[in-house]
Amino acid sequence: MTGPAVGSAPTAQRAGFQPGADLGRPPAPTDLALPVIGAKLLTTADGTVARVADLPADTPWVPLGTLDGVPAWATDLATADGVPGRARGWASLAAEVPEPLATLAGRALAVVTWRRTHRWCGACRAELTDQPGETSRRCPDCGLYVPMQLSAAVLVAITRPGPSGRADELLLVRHATGPTGLWALVAGFVEAGETLEAAVHREVGEEVGLSVDGMAYFGSQPWAISGPGVLLAGFTARAADPLAEPVVDGRELTEARWFGLDALPAELPPAYSISRWLIDATATAGRR
Ligand SMILES: [Zn+2]
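Take -17 as the starting number for the sequence shown in my numbering and just add one per residue.
Take a look at the structure:
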């Protein structure tokens, strides 16, 4: 299947990606289509986003929002049989396409996965029904309301003064699972009843045995790799004791090390991740 470039949308409408569950009309043939197969997205053969007309006419569509004013829809495909195109993971897509389209693709995966795993009422086992205009469902028997929920996670760029006359240092860690070769930031999920800031303090203590102060909010990013509906919140902080060395548990992390901001390793998180945005911003600020 082939599709026109995403950037050919009308410019008078709101630019970028706007999430939405009520697009005000049924899908049109030229609307954006994001079919999901398992944990992958089906794109056109050349790797760009498909159009509604590329899929069979009886495809059931779920609203996602708009990209540069063009409505976007998802569907859950059991198989790619009979549908031409290319199944791609979110990471490979996010590495190539503009950030708003990567975010839309992440929402498609999150919404479809949530619908797939929230079909039955968890209280009375009846089949849930969609709430029109919302990304939520309700039980027709007992009334249970089931909104799509997000999982908040934090990550933090911790710095300390470098040796006399040298650049500041940044703490980077290597994980025991996932991309084990990457030097990443301390990160973890927020517990129920915990603030984002408290989660940063707890994760830093648990993962590397350090204390931090001077914490500042950096930004956030919807993330589609560590599970559906993950929202990453990034922070910067200073090591409370500039002489303290990190201690890893060997279970979650295999290594933690201070790097001079002028001598960061090459194996850093990908350019489309808030982890990398934090590292790059910290390095830029530290070299001033
Ligand atoms: Zn129920």
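Glycine included, every Cβ here is placed at the ideal spot set by N, Cα and C.
- Within the segment 72 to 152, complete beta strand (DSSP E) segments of at least 3 residues are found at 118 to 120, 127 to 129 and 133 to 142, given in chain order.
- Counting along the chain, R239 sits inside the beta strand (DSSP E) bounded by residues L235 to G242.
- Ranked by Cα distance from D36, the options G20, V52, D13 and P45 are led by D13.
- For V182, the uninterrupted alpha helix (DSSP H) segment begins and ends at L178 to V190.
- Runs of beta strand (DSSP E) with 3 or more residues, each lying fully within the segment -9 to 35, are found at -1 to 1, 14 to 19 and 22 to 25, listed in chain order.
- Of all C-beta pairs linking the segment 104 to 116 to the segment 184 to 202, fewer than three are shorter than 8 Å, placing the two stretches out of contact.
- Exclusion of the five residues before and after V128 leaves H100, C103, G104, L110, S118, R119, R120 and C121 as the residues of its chain whose Cβ lies within less than 8 Å of its Cβ.
- Per DSSP, P53 is one residue of the beta strand (DSSP E) stretching across V52 to L59.
- By the Cβ rule, the segment 213 to 230 does not count as touching the segment 74 to 84, because fewer than three pairs are nearer than 8 Å.
- Only exposed fits Y199, as fewer than 16 other CB atoms lie within 10 angstroms of its CB.
- Under the DSSP definition of a beta bridge, T48 partners with Q0 and P53.
- A residue is called buried once 16 or more other Cβ atoms fall within 10 Å of its Cβ, and R33 is buried on that count.
- In the three-state reduction of the DSSP assignment, T218 falls in the strand class, which pools E and B.
- Put simply, the segment 37 to 49 touches the segment 5 to 20. At least three CB pairs are less than 8 Å apart.
- Only buried fits T264, as 16 or more other CB atoms lie within 10 angstroms of its CB.
- Taking 7 Å as the cut-off, the beta carbon of W96 is found closer than this to the beta carbon of P210.
- In the DSSP assignment, the residues bridged to P204 are L213.
- Around E185, the same chain offers V136, V138, V168, A169 and G170 as residues with beta carbons nearer than 8 Å, after the five sequence neighbours per side are excluded.
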